[in-house]
Structures are given as structure tokens and as C-alpha cells.
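Report on the structure given below.
Numbering (this note's numbering), first residue to last: 11 to 72.
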């Protein structure tokens, strides 16, 4: 299935119909147990106010 998207400044895909995005360039990373934490420099961002955000609280979405 084809998914509509545009590309950000970093070339990352930005999906159509999203509430907002951060387009970041990774500048550092560090291991934290069985996870990796990535530090990014924000190169672009936008919030689309046409749709309410999907919220998660106490094991449920609303």
C-alpha cells in the first residue's frame, strides 16, 4: 500500500495527516541499559491544528 508523505530538511519522511512533527539530525547517542538515547538537533518542526492529538492516559487512548 502506498503511503503519502513529504520529506523534511533531513530527508526524513513526514506522513500526511499527522498532528505535528520534529525533523531532527542526530548529534549524539548514548547507551542506557538495553536502550539507546539519541540526542537530536531540531532542524524543522510544525504543528497542524486541524485535528486533535491522540492522547494516552492510564492504559487508554482518547
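Virtual Cβ for every residue (Gly too), placed ideally from N, Cα, C.
Nearest CA to the CA of residue i: which residue from the options?
i	options	result
residue 148	15, 26, 31, 11	This structure leaves residue 148 out entirely; the chain is present only between 11 and 72.
residue 27	38, 52, 42, 64	64
residue 51	13, 57, 38	38
residue 62	22, 29, 16, 13	29
Tell me the DSSP bridge mates of residue i?
i	result
residue 31	56
residue 41	46
DSSP state of residue i, grouped into three classes?
i	result
residue 13	coil
residue 22	coil
If residue i sits next to residue j, beta carbons under 8 angstroms apart, how far is it from one beta carbon to the other, in whole angstroms?
i	j	result
residue 19	residue 33	6 angstroms
Determine the extent of the beta strand (DSSP E) in which residue i is found, giving its start and end residues.
i	result
residue 65	Element bounds for residue 65: n/a, residue is neither H nor E.
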